[in-house]
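Enquirer:
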Amino acid sequence: MSAPSPGTAGDGTAGDGTAGDVLVVGAGPVGLTAALALRAYGLPVTVLEAGPEGRQRPGSRAIFTHSQTLQILDRISPGLGAELYRHGVYWNTQRTFHAGKEVYAKTYPDPPAGVYPHFTSLPQVQIEAYLQARAVAAGVTFAWEQEIADVTTSDDGVVLTTAAGRRWDASYVVGADGSRSVVRKQIGARMEGTRDEGWYVVVDVAEKDEPSLPNERHFHYAHPAVDGRNVLIVPFAGGYRVDLQLVEKDDPEELASPEGVRGWLDAVLPPGYAERTTWVSTYQFLQLVAHDFADPHRRVLLVGEAAHLFAPFGARGLNSGVPDAEAAAIAIAAASRATAAAARTPVEAFALARRSAALFNRDAAGEALAHLRPDEETAARVLAAAERAPEDAEASVWLEKAPYGPRGVHRAETVYRY
Ligand SMILES: Cc1cc2nc3c(=O)[nH]c(=O)nc-3n(C[C@H](O)[C@H](O)[C@H](O)COP(=O)(O)OP(=O)(O)OC[C@H]3O[C@@H](n4cnc5c(N)ncnc54)[C@H](O)[C@@H]3O)c2cc1C
1 MSAPSPGTAG DGTAGDGTAG DVLVVGAGPV GLTAALALRA YGLPVTVLEA GPEGRQRPGS
61 RAIFTHSQTL QILDRISPGL GAELYRHGVY WNTQRTFHAG KEVYAKTYPD PPAGVYPHFT
121 SLPQVQIEAY LQARAVAAGV TFAWEQEIAD VTTSDDGVVL TTAAGRRWDA SYVVGADGSR
181 SVVRKQIGAR MEGTRDEGWY VVVDVAEKDE PSLPNERHFH YAHPAVDGRN VLIVPFAGGY
241 RVDLQLVEKD DPEELASPEG VRGWLDAVLP PGYAERTTWV STYQFLQLVA HDFADPHRRV
301 LLVGEAAHLF APFGARGLNS GVPDAEAAAI AIAAASRATA AAARTPVEAF ALARRSAALF
361 NRDAAGEALA HLRPDEETAA RVLAAAERAP EDAEASVWLE KAPYGPRGVH RAETVYRY
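When we follow UniProt numbering, the leftmost residue of the sequence shown carries the number 1, and every step to the right adds one.
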């Protein structure tokens, strides 16, 4: 079933924001979640988005939505988590291979009735469509083609100015404008961390009418059909995502070209999938966290990729952006009710708690990255474990889990209330 086509609140050309309104910059999944959460707290909210109404964003990107994320979405818009779960796919079986030999395989039992499985998998573009439809129904106003260029904050509020010179006034602003966030730069927040030098090519393929791939997640260390590169194959509603980890001598552009993709995809998937490619992208992964998640006046709150960028192993991007967004809404609701003297406290608590969650997630994704781009000692450990697995259960489980980083979530993912 296809995702809904969201409408627009009012005529889609919302008037200038007035002091007292909350503005969200960015209609990505995290900005949309923040807008919904603000409405759940009864606050009027307008989303300012640089892109045009009805735009089509490419690629599956954040396919893997954790059950904790579904629960948060249910809290801010009852039934939304269940809606995503219904339209996503879930698989019980996970397999890990080393140089073509199966070193781990496990099939989990279905979750009991009424309980979400650990995740649901559907393309980010569909997640955004469901969020946007809910936001419109909840009374969020949208203003499209509003590219924010300037942010001025004071103890009393925020003034945003678009590249076209339009002015928007707000009591609070949620900065959800993604990895190149102008809001972040304008409030003087610095990104701290590293860029990983390794390259990945990421490809989406559409499912065939008669699927010849199993509904399972497969991770290959040293896939023999592609000269020992690592390969990850993950199902999502409507298709599969295939990640190829490049080695030092590889040219990312060549392996991402139509001929390059066809060459390696045909080697790792059954026949007929390569010509069903719907998206190709190349990535180097950043591991960055803003030094502060709010401006000095505590009026602008940063969430999602405006505040942090992680390597995707463990799916910590969207899954930590959603709790950021809920926490920002709770903080703004509390600050709006507080006396002027007390209004900073909830925003301060938001900034500290979410930054600490982001540092935890950055380090966890960093452990996965270090495992996938191993030094000599780790490479030798992987090889030794692969020789012992699957008979040696400890080695087998380690090979399966390590590419995703440590399990669990930071305690700040558990929602707090004032
Ligand atoms: C290959 C890949 C795989 C991934 N897999 C997963 C996964 O499985 N699970 C997971 O949780 N995460 C995953 N992620 C991460 C996930 O895609 C991001 O965390 C998510 O898109 C961030 O959402 P966001 O709303 O913060 O930012 P974005 O989605 O980037 O949205 C920002 C919005 O702000 C708008 N904007 C930008 N600048 C301005 C401006 N100046 N004024 C107004 N509007 C502006 C943009 O147009 C955009 O609509 C993956 C990412 C990649 C690249």
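Where a beta carbon is used, it is the ideal one built from N, C-alpha and C, also for glycine.
1. Quick one, are the C-beta atoms of ALA149 and ALA163 less than 7 Å apart?
2. I'd like the span of the beta strand (DSSP E) that includes HIS223, first residue to last.
3. With PHE350 as the anchor, note down where its alpha helix (DSSP H) starts and where it stops.
4. Thinking just about the alpha-carbon of each residue, which of ALA176, SER181, ARG241 and ASP292 is nearest to the one in GLU207?
5. Any heavy atom of ligand 1 closer than 6 Å to the beta-carbon of ILE233?
6. Alpha helix (DSSP H) containing ALA34: first to last residue?
7. Any chance the CB of ILE63 is under 6 Å from a heavy atom of ligand 1?
8. Put TRP279 into one of helix, strand or coil per three-state DSSP.
9. Are there three or more Cβ pairs, one per stretch, closer than 8 Å when the segment 126–142 is compared with the segment 100–109?
10. Is DSSP giving ILE72 helix, strand or coil here?
11. Using the Cα positions of SER153 and ALA294, report the straight-line distance between them to the nearest angstrom.
12. Count the other CB atoms, across all protein chains shown, that sit within 10 Å of the CB of VAL115; report buried if there are 16 or more and exposed otherwise.
13. Please report the distance separating the alpha-carbon of PHE285 from that of ARG355.
14. Looking at ligand 1, does it come within less than 6 Å of PRO323, judged from the CB to the closest heavy atom?
15. Name the residue from ASP392, VAL303, ALA340 and ARG337 whose alpha carbon lies nearest to the alpha carbon of LEU352.
16. Use the C-beta contact count for SER212: other C-beta atoms within 10 angstroms, 16 or more gives buried, fewer gives exposed.
17. Alpha carbon to alpha carbon, how far is ALA225 from HIS297? Give it in angstroms, no decimals.
18. Pop quiz: THR120 and LEU84 are said to be a contact at Cβ under 8 Å. What is the actual Cβ separation, rounded to whole angstroms?
19. DSSP state of HIS308, grouped into three classes?
Expert: Inspection of the coordinates gives the following:
1. With respect to the 7 Å criterion, ALA149 and ALA163 are classified as neighbours on the basis of their beta carbons.
2. For HIS223, the enclosing beta strand (DSSP E) starts and ends at 216–223.
3. Here the alpha helix (DSSP H) through PHE350 covers 344–372.
4. Minimum Cα distance to GLU207 is reached at ARG241.
5. False, no ligand heavy atom lies under 6 Å from that Cβ.
6. Residues 29–40.
7. Taking the Cβ of ILE63 as the reference point, at least one heavy atom of ligand 1 falls within a distance shorter than 6 Å.
8. Here TRP279 carries a strand assignment [DSSP, helix/strand/coil].
9. No: the two stretches stay apart, fewer than three of their Cβ pairs being nearer than 8 Å.
10. ILE72 carries a helical assignment under DSSP once its states are collapsed to helix, strand and coil.
11. The question names Ser, yet the displayed sequence has Thr at residue 153. Taking the straight line joining both Cα atoms gives about 11 Å.
12. Residue burial annotation: VAL115 is exposed, with fewer than 16 other C-beta atoms found within 10 angstroms of its C-beta.
13. Cα to Cα, PHE285 sits roughly 19 Å from ARG355.
14. No, ligand 1 has no heavy atom inside 6 Å of this Cβ.
15. The option with the nearest alpha carbon to LEU352 is VAL303.
16. In summary, SER212 is exposed, with fewer than 16 beta-carbon neighbours lying within 10 Å of its beta-carbon over all protein chains present.
17. Note on geometry: alpha-carbon atoms of HIS297 and ALA225 lie some 56 Å from one another.
18. 6 Å between Cβ atoms; contact.
19. Correct three-state label for HIS308: strand.
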